[in-house]
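A short worksheet on the structure shown next.
Residue numbers (UniProt numbering): 1 to 397.
Dropping the structure here:
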């Protein structure tokens with residue numbers, strides 16, 4: 001049962017409060033209603049009906065701040081995501097969400113505030129909401145950065161809904177920037193060999209060719225040990241990945257947890273033998289004695305830095321400015337050009353599904369449409385469909 005009573009504020013203004021009991025029997029109240037009818041309606045809907053339907057939400061629970069819930073949410077994500085992605089999430093919280101939302105009670109988060117915050121990150125503008133809070137001041141950020149920051153806040157508020165702190169998530173349903181897929185850079189086999197030839201050492205030359213011919217991710221490739229190479233079957237066992245997180249290499253499972261065996265062409269036999277012969281099974285295939293952990297660290301992108309060994313090799317080879325990850329795209333294009341089906345390419349690349357492979361590399365399968373048109377044309381000719389259509393048209397006339 002809820003009771004509505006009038007009281008005076010410190011400024012002498014009339015206000016109304018609702019006194020009620022929570023489902024656990026404890027008594028509390030909600031103040032600040034300007035009209036008695038507003039207090040009465042709130043009591044009927046939020047207390048009486050909600051308790052009867054089992055949907056009651058304690059207003060006190062909504063006083064928990066976003067910052068208080070963020071700690072538990074990040075701890076939960078740490079159990080389920082890769083270290084590199086967790087590092088991205090932690091960075092998004094620290095840079096974009098914490099300065100704005102840390103001290104805000106979850107019950108006071110408004111959809112329009114979230115929308116302004118998203119826009120401020122995307123456009124690099126300072127936005128001040130109706131309560132005078134300055135939301136963010138930053139340079140414009142990419143769609144990926146904005147989507148990650150928004151997803152983090154929305155995830156925290158999803159947990160607040162599940163914990164019955166708020167009735168719905170105000171971060172869901174806001175307008176978000178669309179993530180555009182960058183055009184892939186594909187090398188021909190001649191360009192790939194020329195690029196490898198310009199690498200400074202035999203190890204890096206073999207590394208580039210292995211990336212460009214197998215489609216392994218950088219972390220999967222530099223994490224390979226001698227025991228992972230099966231020279232008899234020309235297979236590579238991919239069951240781990242070395243990921244760089246804050247200048248440290250962390251070894252875990254491959255992306256999407258896809259443990260698999262992939263092929264490598266016979267032409268790599270000699271080069272890989274030179275790196276593996278006479279070494280222990282647990283030694284790295286592509287070690288780097290200049291790093292503290294012994295792993296070969298990924299060079300900086302040539303698109304922003306021309307000083308790395310890979311960037312210099314690209315320049316000397318006269319190939320398009322690209323990243324090491326683009327060698328994975330090259331491998332996909334060479335496989336498709338060699339006649340591999342989608343399922344084979346999916347397995348080789350470690351994609352979660354063939355649909356993902358088709359989505360990422362749809363442009364590589366354009367030639368299939370031309371071939372399909374030709375085959376359907378041949379089928380129509382064989383069945384003499386053209387004459388049948390001509391007859392149908394003449395009869396209709």
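Virtual Cβ for every residue (Gly too), placed ideally from N, Cα, C.
(request) Give the straight-line distance between the Cα atoms of residue 120 and residue 70, rounded to the nearest whole angstrom. (result) Position 120 of the chain shown, counted from the first residue, corresponds to residue 120. Position 70 of the chain shown, counted from the first residue, corresponds to residue 70. Computed Cα separation, rounded: 21 Å.
(request) Apply the 10 Å Cβ neighbour rule to residue 362 and answer buried if 16 or more other Cβ atoms are within range, or exposed otherwise. (result) Taking the chain shown and counting its residues from 1, one reaches residue 362 at position 362. So residue 362 ends up on the exposed side.
(message) Would residue 73 and residue 155 be called neighbours here (beta carbons separated by less than 7 Å)?
(response) Position 73 of the chain shown holds residue 73. Position 155 of the chain shown holds residue 155. In this structure, residue 155 lies closer than 7 Å to residue 73 by Cβ.
(message) Among the candidates 203, 89, 211, whose CA atom is the shortest distance from the CA of residue 76?
(response) As a position in the chain shown, residue 76 is number 76, starting the count at 1. Here the closest residue by C-alpha is 89.
(request) Can you give me the Cβ contacts of residue 153 inside the same chain, cut-off strictly under 6 Å, excluding the 5 residues immediately before and after it? (result) Along the chain shown, read from residue 1 onward, the residue named residue 153 stands at position 153. Correct list, in chain order: 97, 171.
(message) Whether or not the region 312-324 and the region 242-261 are in contact is what I'm after, with contact meaning three or more pairs of Cβ atoms, one per stretch, closer than 8 Å; do they touch?
(response) no
(request) Let me know the secondary structure DSSP gives residue 60 once reduced to three states. (result) As a working mapping, residue 60 is identified with position 60 in the chain shown. Three-state DSSP puts residue 60 in coil, outside helix and strand.
(message) I'd like to know if the region 276-291 and the region 210-225 are in contact, where contact means that at least 3 CB-CB pairs between them fall below 8 Å.
(response) yes
(request) Leaving aside the five residues before and after residue 274 along the sequence, list all residues of the same chain whose C-beta is less than 8 Å from its C-beta, in chain order. (result) Residue mapping note: residue 274 aligns to position 274 of the chain shown, counting from 1. The answer, listed in chain order, is 202, 206.
(request) Give a yes or no on whether the C-beta atoms belonging to residue 281 and residue 332 are separated by under 7 Å. (result) By 1-based counting over the chain shown, the position of residue 281 is 281. By 1-based counting over the chain shown, the position of residue 332 is 332. Result no, Cβ atoms of residue 281 and residue 332 do not sit closer than 7 Å.
(request) Look up residue 92 in the DSSP assignment and give the residues it is bridged to. (result) Within the chain shown, the letter at position 92 stands for residue 92. Note: residue 92 sits in no beta bridge, so no partner.
(request) Out of 215, 187, 29, state which residue places its alpha-carbon closest to the alpha-carbon of residue 357. (result) Locating residue 357 in the chain shown gives position 357, counting from the first residue. Nearest of 215, 187, 29 to residue 357, Cα basis: 215.
(message) Starting from residue 191, trace the beta strand (DSSP E) in both directions and tell me its first and last residue.
(response) Position 191 of the chain shown holds residue 191. Here residue 191 belongs to no beta strand (DSSP E); instead the alpha helix (DSSP H) covers 189-197.
(message) Pull the bridge partners of residue 225 from the DSSP assignment, please.
(response) If you number the chain shown from 1, residue 225 lands on position 225. The partner list for residue 225 (beta bridge, DSSP) reads 284.
(request) Evaluate residue 468 with the Cβ neighbour count: other Cβ atoms within 10 Å of its Cβ, from every protein chain shown; 16 or more gives buried, anything less gives exposed. (result) The first residue shown for the chain is 1 and the last is 397, placing residue 468 beyond what the model contains.
(message) With distance defined between alpha-carbon atoms, name the residue in 122, 142, 115 nearest to residue 169.
(response) On the chain shown, position 169 is the one that residue 169 refers to. Here the closest residue by C-alpha is 115.
(request) Per DSSP, which residues does residue 237 bridge with? Please list them. (result) Counting from 1 along the chain shown, the entry for residue 237 is found at position 237. Note: residue 237 sits in a beta bridge opposite 261.
(request) Kindly indicate which residue of 229, 112, 7, 291 has the alpha-carbon position closest to the one of residue 176. (result) As a working mapping, residue 176 is identified with position 176 in the chain shown. Looking at the Cα atoms, 112 is the closest of the given residues.
(message) Just verifying my parser: in three-state terms, what is the DSSP assignment at residue 34?
(response) Taking the chain shown and counting its residues from 1, one reaches residue 34 at position 34. Residue 34 falls in the coil class under three-state DSSP.
(message) Just to confirm my understanding: we take residue 144, look at its own chain, exclude 5 residues before and 5 after, and list those with CB closer than 7 Å. What are they?
(response) For the purposes of this step, residue 144 is taken as the residue at position 144 of the chain shown. So the qualifying residues of the chain are 179.
(request) Output the distance between the C-alpha atoms of residue 240 and residue 108, rounded to the nearest integer angstrom. (result) Stepping through the chain shown from its first residue, residue 240 is reached at position 240. Stepping through the chain shown from its first residue, residue 108 is reached at position 108. Cα-Cα distance, rounded: 44 Å.
(request) In angstroms with no decimal places, state the Cα-to-Cα distance between residue 236 and residue 352. (result) Numbered from 1 along the chain shown, position 236 holds the residue referred to as residue 236. Numbered from 1 along the chain shown, position 352 holds the residue referred to as residue 352. So the two alpha carbons sit approximately 19 Å from each other.
(request) Below 7 Å CB to CB, which residues in the same chain sit around residue 330 once its five sequence neighbours on both sides are set aside? (result) The residue given as residue 330 occupies position 330 in the chain shown. 186, 187, 192, 212, listed in sequence order.
(message) Can you check which of these residues, 334, 339, 95, is closest to residue 146 by C-alpha distance?
(response) Within the chain shown, numbered from 1, the residue matching residue 146 stands at position 146. When only C-alpha atoms are compared, the closest one is 95.
(request) Please report the residue range of the beta strand (DSSP E) in which residue 322 lies. (result) Your numbering for residue 322 matches position 322 in the chain shown. From DSSP, residue 322 is part of no beta strand (DSSP E); its letter is neither H nor E.
(request) Tell me whether the beta-carbon of residue 66 lies closer than 7 Å to the beta-carbon of residue 101. (result) On the chain shown, residue 66 is found 66 positions in, with the first residue counted as 1. On the chain shown, residue 101 is found 101 positions in, with the first residue counted as 1. Cβ distance < 7 Å, so residue 66 and residue 101 count as in contact.
(request) Report the three-state DSSP secondary structure of residue 8 (helix, strand or coil). (result) Along the chain shown, one-based indexing puts residue 8 at 8. DSSP places residue 8 in strand when its eight states are reduced to three.
(message) Could you check whether residue 36 and residue 18 sit closer than 7 Å to each other, using their CB atoms as the reference points?
(response) Here residue 18 corresponds to residue number 18 of the chain shown, with the count starting at 1. Here residue 36 corresponds to residue number 36 of the chain shown, with the count starting at 1. No, Cβ-Cβ distance for residue 18 and residue 36 is not below 7 Å.
(request) Flag this pair as yes or no: are the beta carbons of residue 16 and residue 39 separated by less than 7 Å? (result) Position 16 of the chain shown, counted from the first residue, corresponds to residue 16. Position 39 of the chain shown, counted from the first residue, corresponds to residue 39. Cβ distance < 7 Å, so residue 16 and residue 39 count as in contact.
(message) Whole angstroms are fine: how far does the CA of residue 232 sit from the CA of residue 266?
(response) Translated into the one-based positions of the chain shown, residue 266 becomes position 266. Translated into the one-based positions of the chain shown, residue 232 becomes position 232. Taking the straight line joining both Cα atoms gives about 10 Å.
(message) I'd like to know if residue 190 contacts chain B, where contact means its C-beta is closer than 7 Å to some C-beta of that chain.
(response) Given the protein chain composition of this structure (a single chain), no chain B is represented.
(message) Whole angstroms are fine: how far does the CA of residue 190 sit from the CA of residue 87?
(response) Locating residue 87 in the chain shown gives position 87, where the first residue counts as 1. Locating residue 190 in the chain shown gives position 190, where the first residue counts as 1. Their backbone Cα atoms lie some 38 Å apart in a straight line.
(message) Our contact map puts residue 26 next to residue 20 with C-beta atoms below 8 Å; I'd like the distance itself, whole angstroms only.
(response) For this step, residue 26 is matched to residue 26 along the chain shown. For this step, residue 20 is matched to residue 20 along the chain shown. Not really, about 10 Å apart at Cβ, beyond 8 Å.
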